[in-house]
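**Q** Our numbering numbers the first residue of the sequence shown as 4 and each following residue consecutively. In this text, a Cβ means the ideal position worked out from N, Cα and C, and glycines have one as well. What you are looking at is a predicted structure, and each value in this text was computed from that prediction instead of being measured. There's a structure below that I have some questions on.
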Amino acid sequence: MAGCRTFKQTFAIAAGAVFLLSNCGPKFTTEPSVDAYQAKGPGKKVRVEAYLFDAKIRLDGKPTSLRLELFQTDSVVALGARGYLGKGALKGRLTSDSIEAFFPTRNEYLHEAVRDMLFSSSCTHAIDPLDFPGLLRTLPDRMDLGAGLIVQREDSKSKLRRYTLTWPECTWRLEMTYDKRKAGWRLSELLFDNGTDVSFTARRRAHKASTRVNKNKFELSVDPQAIRITP
């Protein structure tokens, strides 16, 4: 039961992170390349786009609050959660294909395909690929997201854009709010609900378009004795 619960908690974080990063950063390449990226500059720093979100997971009606940190290069994203199962309890990496996460306090780890994390547990049929990275600076109703996706705009304020995205074959619901900034539209709030027992909400607390962080943010060391979490 503990492993199942941890998977659901991780699912909520991962689903939220995937959508957050899909709307906040450049398109990923297929493989992480932090070493190659770092080799372009001196020292042990990596240039990233950084985000800090105040987030909340609700699992079976029980809420858990956390701070979600995201550090994004052109090919891989480092993520970490504070205030979630204790300090430094979650560290992970996300690419366009997969997510890896390690819970040192529980000695458990997760390695799943992103598509499986997002869709397989809440959709009755496979859905068309969605151009998530295309939402970087393009509002959902200004781009082609596929014939099956339903996009509803629900705002009335000129400096806010609020959308609900659903898919007829899936139980999940995605709500996104953008605010108008000097650089353009940026995602400020997000709600992901799988339609059953897991939801993830996040509100942007801080953002840096360009900063440098230690390369070890992207290094994930998993105990060989760690137990793999499965759905």
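For N110, does the count of other Cβ atoms within 10 angstroms reach 16, so buried, or fall short, so exposed?
**A** The residue in question, N110, is exposed, as its Cβ has fewer than 16 Cβ neighbours within 10 Å.
**Q** What residues are listed by DSSP as bridge partners for A205?
**A** Beta-bridge pairing links A205 to A58 and L193.
**Q** From which residue to which residue does the beta strand (DSSP E) around T67 run?
**A** K65 to Q75 is the span of the beta strand (DSSP E), which, as asked, contains T67.
**Q** In angstroms with no decimal places, state the Cα-to-Cα distance between E52 and H210.
**A** Rounded to the nearest angstrom, the two C-alpha atoms are 8 Å apart.
**Q** Mind checking D196: buried by the 16 CB within 10 Å criterion, or exposed?
**A** So D196 counts as buried.
**Q** So Y181 and L148 are supposed to be a Cβ contact under 8 Å. How far apart are they, rounded?
**A** At roughly 15 Å, the Cβ-Cβ gap does not stay under 8 Å, so Y181 and L148 are not in contact.
**Q** How many angstroms separate the CA atom of S101 from the CA atom of K185?
**A** If I take the Cα positions, the gap works out to 33 Å.
**Q** DSSP three-state call for A229: helix, strand or coil?
**A** Here A229 sits in coil by DSSP.
**Q** Can a CB atom of chain E be found closer than 8 Å to the CB of G95?
**A** Among the protein chains of the structure shown there is no chain E, as only one such chain exists.
**Q** Per DSSP, what are the beta-bridge partners of R109 in this structure?
**A** For R109, which the question treats as bridged, DSSP gives no partner whatsoever.
**Q** Which class does K47 belong to by DSSP, given the choice of helix, strand or coil?
**A** Coil.
**Q** Where do the N-terminal and C-terminal ends of the beta strand (DSSP E) with K183 fall, by residue?
**A** It spans R176 to R184 - the beta strand (DSSP E) in which K183 sits, taken as one unbroken run.
**Q** I need the straight-line Cα distance from Y166 to P227, nearest angstrom please.
**A** Approximately 43 Å between the Cα atoms of the pair.
**Q** Starting from the C-beta of Q155, find all residues in its chain whose C-beta is less than 7 Å away, skip the five residues before and the five after it, and write them out in chain order.
**A** Within the same chain, Q155 has close Cβ partners Y166 and T167.
**Q** I need the boundaries of the beta strand (DSSP E) containing V80, first residue and last residue.
**A** Note, V80: beta strand (DSSP E), V80 to R85.
**Q** With C-beta atoms as the reference, is R231 less than 8 Å away from Y112?
**A** Cβ distance < 8 Å, so R231 and Y112 count as in contact.
**Q** Distance check for D200 and E222, CA to CA, integer angstroms please.
**A** Answer to the nearest angstrom: the Cα atoms are 32 Å apart.
**Q** Indicate the three-state DSSP secondary structure (helix, strand or coil) for K162 in the structure shown.
**A** K162 falls in the coil class under three-state DSSP.
**Q** What's the gap between the Cα of A116 and the Cα of L152?
**A** Each residue's alpha carbon lies about 21 Å from the other.
**Q** Please state if the CB of A84 and the CB of L93 are separated by a distance shorter than 8 Å.
**A** Cβ distance < 8 Å, so L93 and A84 count as in contact.
**Q** Looking at the secondary structure, which residues open and close the beta strand (DSSP E) in which R156 lies?
**A** Residues I153 to R156.
**Q** State the CB to CB distance for the pair W170 and G198, rounded to an integer number of angstroms; the pair is presumed to be in contact (CB under 8 Å).
**A** W170 to G198, Cβ: 11 Å. No contact.
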